[in-house]
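Student:
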Amino acid sequence: MMPVPDAFRADDIADSVYQPPLTVLRERARRRTRKIRVVRSGVGAGLIALVALSTPTLVRAGLGPTARVETLDTILGGTGSPAVTVFDSENVVVTSSSRQGCGFSFRPSTDGGRTWPRGSAVFEPADDCSTMDPSDYGVDVLTPSLWMVLVEGQRSVTSDAGRTWHRVTDQVSTVDELPLGAVVHCGYSTVRIAPLCGGGGRTADPLRIIAVDLAGHLVQLRNAPPRLRTMWWVTETPDGALWTIGDLTQPVEPPYQLAVAWSTDRGRSWRTWELPPATTAAVVPRDGREAYVVTAHAGHVRVDRTVDSGRRWARHDNGELDSIVRDTGAAWYAFLAADGRLVVVGPDPGAAPRFPPPRLFAWHGLGSAPGFGAPAELPGPRGDTAIAAGGGLLWYMPTEDAVRVTTDGRSWRQITLPEG
Amino acid sequence: VTQADPLGELYAASYRRLVVQMYALTGDLSEAQEVVQEAFVRALAAAGRFAELDNPEAWLRHVAINVTRSRYRRRKTHELLLRRIGPPPVVADNSADHVALMAAMRRLPAGQRAALALHYLADLPLNEVAQALGVSVGTVKSRLARGRAALGALLGPSADLTSTGRR
Numbered sequence: 436m437m438p439v440p441d442a443f444r445a446d447d448i449a450d451s452v453y454q455p456p457l458t459v460l461r462e463r464a465r466r467r468t469r470k471i472r473v474v475r476s477g478v479g480a481g482l483i484a485l486v487a488l489s490t491p492t493l494v495r496a497g498l499g500p501t502a503r504v505e506t507l508d509t510i511l512g513g514t515g516s517p518a519v520t521v522f523d524s525e526n527v528v529v530t531s532s533s534r535q536g537c538g539f540s541f542r543p544s545t546d547g548g549r550t551w552p553r554g555s556a557v558f559e560p561a562d563d564c565s566t567m568d569p570s571d572y573g574v575d576v577l578t579p580s581l582w583m584v585l586v587e588g589q590r591s592v593t594s595d596a597g598r599t600w601h602r603v604t605d606q607v608s609t610v611d612e613l614p615l616g617a618v619v620h621c622g623y624s625t626v627r628i629a630p631l632c633g634g635g636g637r638t639a640d641p642l643r644i645i646a647v648d649l650a651g652h653l654v655q656l657r658n659a660p661p662r663l664r665t666m667w668w669v670t671e672t673p674d675g676a677l678w679t680i681g682d683l684t685q686p687v688e689p690p691y692q693l694a695v696a697w698s699t700d701r702g703r704s705w706r707t708w709e710l711p712p713a714t715t716a717a718v719v720p721r722d723g724r725e726a727y728v729v730t731a732h733a734g735h736v737r738v739d740r741t742v743d744s745g746r747r748w749a750r751h752d753n754g755e756l757d758s759i760v761r762d763t764g765a766a767w768y769a770f771l772a773a774d775g776r777l778v779v780v781g782p783d784p785g786a787a788p789r790f791p792p793p794r795l796f797a798w799h800g801l802g803s804a805p806g807f808g809a810p811a812e813l814p815g816p817r818g819d820t821a822i823a824a825g826g827g828l829l830w831y832m833p834t835e836d837a838v839r840v841t842t843d844g845r846s847w848r849q850i851t852l853p854e855g
Numbered sequence: 552v553t554q555a556d557p558l559g560e561l562y563a564a565s566y567r568r569l570v571v572q573m574y575a576l577t578g579d580l581s582e583a584q585e586v587v588q589e590a591f592v593r594a595l596a597a598a599g600r601f602a603e604l605d606n607p608e609a610w611l612r613h614v615a616i617n618v619t620r621s622r623y624r625r626r627k628t629h630e631l632l633l634r635r636i637g638p639p640p641v642v643a644d645n646s647a648d649h650v651a652l653m654a655a656m657r658r659l660p661a662g663q664r665a666a667l668a669l670h671y672l673a674d675l676p677l678n679e680v681a682q683a684l685g686v687s688v689g690t691v692k693s694r695l696a697r698g699r700a701a702l703g704a705l706l707g708p709s710a711d712l713t714s715t716g717r718r
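Sequences listed follow chains A and B, in order.
When we follow the numbering used here, the leftmost residue of the first sequence carries the number 436, and every step to the right adds one.
When we follow the numbering used here, the leftmost residue of the second sequence carries the number 552, and every step to the right adds one.
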């Protein structure tokens with residue numbers, strides 16, 4: 436017997452609701468109003484400012500800590516709040532929806548966000564976007580100067596930080612291995628989830644890896660990872676190795692049948708290793724030889740590590756990380772610190788503000804007692820959300836209009852987002 | 552003499568109620584909080600016009616529902632992925648009955664789910680459900696009937712919706 440009203444106790448639910456101070460929402464509204472005003476009159480100013488932009492140093496994704504924050508108001512949520520991509524200690528790109536203008540604005544910093552160029556690089560496809568389909572709209576900041584946008588199904592790329600844009604035709608060159616400097620394009624920041632890198636989630640879609648070369652042209656790898664039906668994400672390491680995780684079966688139902696796949700010859704050939712059934716999983720590679728795989732299922736987290744390109748995997752699952760996933764259902768993150776240690780952080784306070792502040796677990800090696808050291812709490816006030824990918828953790832602080840960044844799990848630096 | 556702050560008072564009085572309503576609709580507490588906050592931010596950004604509304608809470612609810620729909624549309628093509636990569640929905644109550652109910656609600660068609668959620672779970676009268684969803688009262692009744700049948704099939708015949716919901 437299940438009386439539905441008993442299964443939905445509104446008063447109890449209301450007690451668990453997080454209610455931020457109204458001042459926080461007032462500040463968001465104030466920033467939004469300011470941004471609307473700037474964009475309404477700012478297209479011309481943005482174009483003028485493009486001339487004055489210095490050329491950012493091209494850094495291939497994977498060479499430095501590449502991390503993103505997409506705020507709770509996603510950049511495509513029609514709100515104009517920014518997305519932040521941090522490539523290394525110097526290069527940061529803040530992307531906003533131009534909102535009234537149907538396109539995007541970009542603010543690249545080459546000194547780690549200490550200063551910002553005056554005005555924005557703007558991609559403005561049309562004067563009137565009232566009839567545009569907002570779901571067919573996205574942006575991928577691939578490197579500090581290589582950006583790709585999708586508007587109404589049409590892709591455009593700039594390889595010079597927005598000075599010039601060219602339309603990408605549907606013709607994609609097929610290659611046996613990714614050219615040096617090409618960056619894998621997994622998807623667009625259209626929604627606050629990790630984009631699907633290949634397979635489209637449907638069996639009819641071919642599994643393929645697409646990349647953008649230094650000239651802004653699309654290339655497609657001839658060989659996809661064998662056995663995989665989808666790829667969740669493809670990570671490139673500084674030595675050119677490619678790592679991914681994907682489904683072995685479709686349709687998919689949790690727990691998922693997954694495998695990690697990797698290539699040490701830039702996609703010419705692949706190896707795979709089947710994972711235990713999991714509800715979430717991540718691969719965190721250091722290079723073509725060393726990688727961690729973190730899987731979670733039924734409140735339990737397991738870490739596997741290889742140092743010989745996947746020939747052998749050492750398993751670690753003594754429960755140190757279980758508190759991250761137990762009972763919360765909130766997001767957690769893993770990244771590789773600059774010294775090579777795996778760092779796991781969770782749960783995300785933005786996703787579950789009633790839970791304790793997120794804690795940070797750092798791996799302390801593979802000696803006689805491998806495992807994670809005592810967890811540390813993240814410093815500072817609790818932010819709305821924290822999302823990290825590939826090399827660092829970013830923590831968005833809406834009250835300060837700033838993000839905090841760590842690449843080692845110990846020290847933090849703050850990036851104040853640009854005005855407007 | 553303190554200056555009146557109608558929006559502040561409304562925020563204090565209705566925020567949690569609206570979140571519960573949106574939680575009934577989405578089955579995700581985090582999502583519910585975000586869309587209600589978004590509705591208040593839009594109200595704050597247009598405070599002058601908001602102050603002229605006859606029923607500001609109904610307006611906030613309407614905006615929150617529209618934001619929910621908009622976000623859902625954007626996610627739709629990635630729905631399969633979202634279930635796997637993103638965290639599962641944040642539920643407000645880990646009891647087995649509650650988890651089962653919210654899981655079953657998520658499997659209903661959007662129109663039926665919204666009607667059931669707002670009427671039976673959030674306890675809104677039929678005319679306010681109709682106003683919030685932008686449909687007629689007759690449409691709401693039709694969706695409720697079909698939704699009850701579908702929910703009964705998912706939860707079993709013992710699922711009892713009849714003891715709540717206002718006319």
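All C-beta atoms, glycine included, are put in the ideal place defined by N, C-alpha and C.
Note that the structure is predicted; figures quoted are calculated from it, not measured.
Which class does H735 (chain A) belong to by DSSP, given the choice of helix, strand or coil?
Tutor: The answer is strand: DSSP assigns H735 (chain A) an E or B state.
Student: Output yes if chain B places a C-beta closer than 9 Å to the C-beta of D757 (chain A); else output no.
Tutor: No, D757 (chain A) does not count as interfacial toward chain B.
Student: Please classify S846 (chain A) as buried or exposed, where buried requires at least 16 other C-beta atoms within 10 Å of its C-beta.
Tutor: Under this definition S846 (chain A) is an exposed residue.
Student: Check whether the region 656-670 of chain B touches the region 567-584 of chain B, taking contact to mean three or more Cβ pairs, one atom from each stretch, closer than 8 Å.
Tutor: These segments touch.
Student: Tell me which residues share the same chain as A704 (chain B) and place their Cβ nearer than 6 Å to its Cβ, disregarding the 5 neighbours each side in the sequence.
Tutor: So no residue of the chain qualifies.
Student: Give, in chain order, every residue of the region 453-465 of chain A whose Cβ lies closer than 9 Å to some Cβ of chain B.
Tutor: Within the region 453-465 of chain A, the residues whose Cβ lies closer than 9 Å to some Cβ of chain B are Y453, Q454, P455, L457, V459, L460, R461, R463, A464, R465, listed in chain order.
Student: Hey, how far is the Cα of E582 (chain B) from the Cα of G754 (chain A)?
Tutor: When rounded, the distance between both Cα atoms is 29 Å.
Student: With distances taken from CA atoms, which of B:L580, B:G559, B:G685 is nearest G662 (chain B)?
Tutor: Per the Cα distances, B:G685.
Student: For chain C, is any of its Cβ atoms less than 9 Å away from the one on G559 (chain B)?
Tutor: Note that chain C does not occur in the displayed structure, where the protein chains are A and B.
Student: At which residues does the alpha helix (DSSP H) containing F601 (chain B) begin and terminate?
Tutor: Unbroken alpha helix (DSSP H) run through F601 (chain B): 598-602.
Student: Smallest Cα separation from D583 (chain A): which of A:Q655, A:V647, A:E525?
Tutor: Per the sequence shown, residue 583 (chain A) should be read as Met rather than Asp. Minimum Cα distance to M583 (chain A) is reached at A:V647.
Student: Please state the DSSP three-state secondary structure of W610 (chain B).
Tutor: In this structure, W610 (chain B) counts as helix in the three-state DSSP scheme.
Student: So R794 (chain A) and E812 (chain A) are in contact, right, with Cβ under 8 Å, and what is the actual spacing, rounded?
Tutor: Confirmed, about 6 Å.
Student: Assuming G775 (chain A) and R703 (chain A) form a contact by the criterion Cβ under 8 Å, report the distance between their Cβ atoms to the nearest whole angstrom.
Tutor: Their Cβ separation, rounded to whole angstroms, is 26 Å, which puts G775 (chain A) and R703 (chain A) out of contact at 8 Å.
Student: Taking Cβ to Cβ, would you say T842 (chain A) is nearer than 9 Å to G548 (chain A)?
Tutor: No, the Cβ-Cβ distance between T842 (chain A) and G548 (chain A) is not below 9 Å.
Student: Since I448 (chain A) meets chain B, which of its residues come closer than 7 Å, beta carbon to beta carbon?
Tutor: Neighbours of I448 (chain A) on chain B, chain order: V571, Y574, A643, D644.
Student: Would you call the region 585-600 of chain A in contact with the region 610-618 of chain A, where contact means no fewer than 3 C-beta pairs closer than 8 Å?
Tutor: Verdict: no, contact absent.
Student: Could you work out which residues of chain A lie near F591 (chain B), taking near to mean beta carbons separated by less than 7 Å?
Tutor: Those within 7 Å of F591 (chain B) in chain A are L460.
Student: Along the chain, where does the alpha helix (DSSP H) that runs through A575 (chain B) open and close?
Tutor: Element bounds for A575 (chain B): 557-577.
Student: Below 9 Å between beta carbons: does that hold for A673 (chain B) and V571 (chain B)?
Tutor: Yes; because the gap between Cβ atoms is below 9 Å, this pair is in contact.
Student: Here's the rule: buried if 16 or more other CB atoms are within 10 angstroms of the residue's CB, otherwise exposed. What is S531 (chain A)?
Tutor: By the neighbour-count rule (16 or more Cβ atoms within 10 Å), S531 (chain A) is buried.
Student: Which residues bound the beta strand (DSSP E) around L656 (chain A)?
Tutor: 653-656 is the span of the beta strand (DSSP E), which, as asked, contains L656 (chain A).
Student: Using 8 Å for Cβ pairs, my map puts G681 (chain A) next to W667 (chain A). What's the rounded Cβ distance?
Tutor: With a Cβ gap of about 6 Å, G681 (chain A) and W667 (chain A) count as contacting.
Student: In angstroms with no decimal places, state the Cα-to-Cα distance between L756 (chain A) and A590 (chain B).
Tutor: Computed Cα separation, rounded: 36 Å.
Student: For E835 (chain A), write down the residues that DSSP places opposite it in a beta bridge.
Tutor: DSSP lists no partner for E835 (chain A).
Student: Indicate the three-state DSSP secondary structure (helix, strand or coil) for Q849 (chain A) in the structure shown.
Tutor: Strand.
Student: Could you compute how far the alpha carbon of E725 (chain A) sits from the alpha carbon of R737 (chain A)?
Tutor: One C-alpha to the other measures close to 17 Å.
Student: If you draw a straight line from the C-alpha of R545 (chain B) to the C-alpha of L710 (chain A), how long is it?
Tutor: Residue 545 (chain B) is absent from the structure shown; chain B starts at 552 and stops at 718.
Student: Determine the extent of the alpha helix (DSSP H) in which V607 (chain A) is found, giving its start and end residues.
Tutor: Unbroken run through V607 (chain A): none, as it is neither H nor E.
Student: Give the secondary structure of T684 (chain A) by DSSP, where H, G and I count as helix, E and B as strand, and everything else as coil.
Tutor: Here T684 (chain A) sits in coil by DSSP.
Student: Measure the C-alpha to C-alpha separation of R553 (chain A) and A659 (chain A) and round it to an integer number of angstroms.
Tutor: Taking the straight line from one Cα to the other gives about 43 Å.
Student: Cα-Cα, which of B:V650, B:F601, B:R657 is closest to G698 (chain B)?
Tutor: With distances taken between Cα atoms, G698 (chain B) lies closest to B:R657.
Student: Mind listing the chain A neighbours of H670 (chain B)? Cutoff is C-beta to C-beta under 7 Å, in chain order.
Tutor: None at all; the shortest Cβ gap to chain A is about 12 Å.
Student: Where do the ends of the beta strand (DSSP E) carrying M583 (chain A) lie?
Tutor: Counting along the chain, the beta strand (DSSP E) containing M583 (chain A) begins and ends at 582-586.
Student: Looking only at its chain, what residues have a beta carbon closer than 7 Å to the beta carbon of V742 (chain A), apart from the 5 residues adjacent to it on each side?
Tutor: Cβ within range, chain order: R724, E725.
Student: Can you tell me whether H649 (chain B) is buried or exposed, with buried defined as 16 or more other CB within 10 angstroms of its CB?
Tutor: Buried, because 16 or more other Cβ atoms sit within 10 Å of the Cβ of H649 (chain B).
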